[in-house]
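Trainee: Residue numbers (our numbering): 9 to 584. Think of the CB as a built atom: it goes at the ideal place given N, C-alpha and C, for glycine as much as any other residue. Please find one structure pasted underneath; my questions will follow.
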């Protein structure tokens with residue numbers, strides 16, 4: 009029997025009676041395409057996970073939590089947060105910790121209570137944390153001892169809950185602990201109404217103008233990510249002749265064992281692992297602590313990992329690890345990459361390093377502000393088009409526009425604009441930044457420059473202001489401001505340069521007085537006082553030449569990049 013054509017598969021999935029039937033509905037004042045049947049809040053999504061019963065959800069060293077045990081613990085913890093810390097629906101609760109099972113329970117418990125989790129970057133300095141806390145005004149900071157100690161001078165009286173020695177006791181002492189099962193009715197004080205477009209959580213992203221902004225993500229987006237991903241998976245399997253899912257029939261639990269090595273405060277890990285795991289019944293394996301390639305290989309072998317979402321430099325570092333062939337990685341069926349541009353050479357090295365995947369690499373394109381995956385690509389198509397970011401997702405609209413805001417002609421480059429039910433509500437307490445990114449008609453300006461070739465989207469990574477260093481957004485302006493605060497720096501420009509491992513490397517061109525010039529080591533130490541480590545420049549150019557500027561005073565970044573490239577070529581030339 010021949011496989012149906014792609015258009016036929018799509019119609020069977022999204023047409024009337026299909027498992028992913030589409031409809032047009034009003035979403036925050038715009039008529040948009042949505043899935044007719046959908047989960048409408050994180051709490052509803054979590055409660056549905058009880059069907060997975062004694063299947064394992066979380067593995068963190070010796071700690072192993074089934075779906076049933078996890079849900080009961082979430083309910084107990086939510087009750088404890090209310091009783092002991094006075095957390096109410098709408099309150100912000102900051103999560104500031106390394107990857108650990110308690111982080112995940114705290115996230116779900118906060119959401120279950122109707123409060124708003126704030127995903128704080130665990131690498132922040134005290135100064136960076138203080139800026140974020142002043143913005144979102146958390147009622148409580150849930151963190152590990154190391155990070156709470158690091159920012160103790162910035163807490164300013166905010167209550168804290170230590171994961172190391174206070175968290176488990178909180179759940180045990182709650183009134184909900186008397187409930188026999190998670191499926192029993194929760195206490196009345198834990199019942200609240202949640203609408204699809206209420207804030208689900210706040211997650212921070214660097215802006216091109218300085219300090220991090222808090223993206224307000226609605227429940228619609230948090231739940232929609234999983235449904236868009238499920239459709240993409242079903243469609244892809246249908247292309248290979250796998251029977252399509254039926255409407256109203258629950259999918260069997262997934263046998264995926266997902267390795268989590270990137271921080272949980274990344275939207276890709278929160279969505280791709282924590283939320284998707286609860287939707288599919290997958291098993292999550294946390295690997296906290298310093299990233300070491302051999303530890304990853306040990307975990308893949310020990311836990312029989314089937315899926316690894318490797319952001320930034322993680323995958324190439326493991327693929328080139330001398331100990332690679334000492335470990336059995338044959339359980340691995342798929343490697344997901346992203347967070348930074350991945351060259352065709354590196355992609356091929358990953359396929360060769362993990363032959364059990366059948367050369368199945370996948371990549372998705374989105375942003376924290378955009379919510380669900382905008383476009384994705386994988387398998388043979390990714391091999392044929394290694395520089396593409398893929399086809400636009402169902403229920404997502406993409407337009408490429410010129411500097412005047414008009415759509416560009418086919419094949420021409422333009423700024424990516426996205427509209428879908430899943431885009432952010434805005435930046436928390438920042439109407440000016442929200443207005444600059446989110447248009448009144450619902451279109452979100454991504455800041456990326458791209459072109460379409462047929463149905464495939466290609467991002468011009470070098471045309472963006474933002475840098476991506478091992479999947480972390482870095483604002484050049486923030487680093488420039490830090491450098492220019494140094495008493496012996498006259499001016500500074502920060503640009504990205506190619507790096508085989510991190511995608512971008514932060515390159516600083518610093519103008520100094522040659523008679524009183526600081527050394528790069530001094531500037532490095534200066535930056536580390538107020539910037540997270542991944543924002544600190546790793547490439548330095550000190551000069552007494554003024555930076556090129558426009559008549560209005562704006563630094564001409566293309567000229568700075570050309571200057572940096574010329575010196576790179578010059579340094580690589582052999583002496584004559």
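Does the distance from the C-beta atom of residue 497 to that of residue 542 stay below 8 angstroms?
Mentor: The answer is no: Cβ separation not under 8 angstroms.
Trainee: For residue 362, which three-state DSSP category applies?
Mentor: Residue 362 falls in the coil class under three-state DSSP.
Trainee: So for residue 147, helix, strand or coil by DSSP?
Mentor: DSSP places residue 147 in coil when its eight states are reduced to three.
Trainee: Could you pull out every residue in the same chain whose Cβ sits closer than 7 angstroms to the Cβ of residue 16, ignoring the five residues on either side in sequence?
Mentor: Excluding sequence neighbours, residue 16 sits near nothing in its chain.
Trainee: Looking at the structure shown, is residue 68 part of a helix, part of a strand, or coil, going by DSSP?
Mentor: In the structure shown, residue 68 sits in a strand (DSSP, three-state: E or B).
Trainee: Excluding the 5 residues flanking residue 513 on each side, which residues of the same chain have their C-beta closer than 6 angstroms to its C-beta?
Mentor: Excluding residues within five positions, the ones whose Cβ falls inside 6 angstroms are 505, 507, 546, 547.
Trainee: So, residue 435 versus residue 101, is the Cβ gap smaller than 8 angstroms?
Mentor: No, Cβ-Cβ distance for residue 435 and residue 101 is not below 8 angstroms.
Trainee: Give every residue of the same chain whose Cβ lies closer than 6 angstroms to the Cβ of residue 559, excluding the five residues on either side of it in the sequence, and list them in chain order.
Mentor: Confidence at residue 559 is low in this model, with a pLDDT of 49, below 50, so the placement of that residue should be treated as unreliable; the coordinate-derived value is given next. No residues qualify anywhere along the chain.
Trainee: Between the alpha carbons of residue 121 and residue 109, how many angstroms are there, rounded?
Mentor: One C-alpha to the other measures close to 19 angstroms.
Trainee: In the structure shown, what three-state DSSP assignment does residue 298 receive?
Mentor: The answer is coil: DSSP assigns residue 298 none of H, G, I, E or B.
Trainee: I'd like to confirm the pairing. Which residues does DSSP put opposite residue 507 in its beta bridges?
Mentor: According to DSSP, which records beta bridges pairwise, residue 507 is partnered with 511.
Trainee: Rounded to a whole number of angstroms, what is the C-alpha to C-alpha distance between residue 74 and residue 457?
Mentor: When rounded, the distance between both Cα atoms is 44 angstroms.
Trainee: Please report how far the alpha carbon of residue 552 lies from the alpha carbon of residue 47, in whole angstroms.
Mentor: Those two C-alpha atoms are separated by around 59 angstroms.
Trainee: Given residue 294, which residues of its chain have a CB within under 6 angstroms of its CB, disregarding the five upstream and five downstream residues?
Mentor: Once the five neighbours on either side are set aside, the close Cβ partners of residue 294 are 68, 107, 268.
Trainee: Would you identify the three-state DSSP class for residue 38, choosing helix, strand or coil?
Mentor: Here residue 38 sits in strand by DSSP.
Trainee: May I ask which residues mark the beginning and end of the beta strand (DSSP E) holding residue 425?
Mentor: 422-427 is the span of the beta strand (DSSP E), which, as asked, contains residue 425.
Trainee: Once DSSP output is grouped into helix, strand and coil, what is the label at residue 415?
Mentor: Strand.
Trainee: Using a Cβ-based criterion (distance less than 7 angstroms to any ligand heavy atom), does residue 546 qualify as near the ligand NAD?
Mentor: This structure lacks the ligand NAD; in fact it carries no ligand of any kind.
Trainee: Please name the residue, chosen from 537, 455, 515, 97, that lies closest to residue 570 on a Cα-to-Cα basis.
Mentor: If we check each option's Cα against that of residue 570, 515 comes out closest.
Trainee: Alpha carbon to alpha carbon, how far is residue 232 from residue 532? Give it in angstroms, no decimals.
Mentor: So the two alpha carbons sit approximately 42 angstroms from each other.
Trainee: Tell me, to the nearest whole angstrom, how far the beta carbon of residue 525 is from that of residue 133; I am working on the premise that it is less than 8 angstroms.
Mentor: Wrong, their Cβ atoms sit about 26 angstroms apart, outside the cutoff.
Trainee: Going by other Cβ atoms of all chains shown within 10 Å of its Cβ, with 16 needed for buried, is residue 154 buried or exposed?
Mentor: Residue 154 is exposed by the Cβ-count criterion.
Trainee: Does the structure place the region 42-56 close enough to the region 224-244 that three or more beta carbon pairs sit under 8 angstroms?
Mentor: Because the criterion of three Cβ pairs below 8 angstroms is met, the region 224-244 and the region 42-56 touch.
Trainee: Roughly how many angstroms lie between the CA atoms of residue 259 and residue 25, to the nearest whole one?
Mentor: Cα to Cα, the separation comes out at about 16 angstroms.
Trainee: Once DSSP output is grouped into helix, strand and coil, what is the label at residue 329?
Mentor: Residue 329 falls in the coil class under three-state DSSP.
Trainee: Check residue 436 in the structure and name its three-state DSSP category.
Mentor: Residue 436: coil per DSSP, three-state reduction.
Trainee: Bridge partners for residue 384 per DSSP, in chain order?
Mentor: 372, 399.
Trainee: Among 44, 80, 438, 374, which one has its Cα closest to the Cα of residue 454?
Mentor: When only C-alpha atoms are compared, the closest one is 374.
Trainee: Determine the DSSP secondary structure at residue 166, reduced to helix, strand or coil.
Mentor: The answer is coil: DSSP assigns residue 166 none of H, G, I, E or B.
Trainee: Leaving out the 5 sequence neighbours to the left and right, which residues in its chain are closer than 6 angstroms to residue 567 when beta-carbon positions are compared?
Mentor: 556.
Trainee: Taking DSSP as the reference, what is the three-state secondary structure of residue 352?
Mentor: Looking at residue 352 - three-state DSSP - the assignment turns out to be helix.
Trainee: Less than 8 angstroms between C-beta atoms, sequence neighbours within five positions excluded: which residues of the same chain meet that for residue 210?
Mentor: The answer, listed in chain order, is 100, 124, 125, 126, 127, 144, 222, 223, 224, 225, 436.
Trainee: Which stretch, first to last residue, makes up the alpha helix (DSSP H) that contains residue 488?
Mentor: Looking at the DSSP string, the run of the alpha helix (DSSP H) that includes residue 488 is 484-492.
Trainee: Can you grab the Cα-Cα spacing for the pair residue 161 / residue 136, in whole Å?
Mentor: Each residue's Cα considered, the two are about 12 angstroms apart.
Trainee: Under the rule that 16 or more other beta-carbon atoms within 10 Å means buried, what is residue 439, buried or exposed?
Mentor: Looking at its Cβ environment, which holds fewer than 16 other Cβ atoms inside 10 Å, residue 439 is exposed.
Trainee: Tell me whether residue 253 is buried or exposed, calling it buried when 16 or more other Cβ atoms sit within 10 Å of its Cβ.
Mentor: With 16 or more other Cβ atoms within 10 Å, it is buried.
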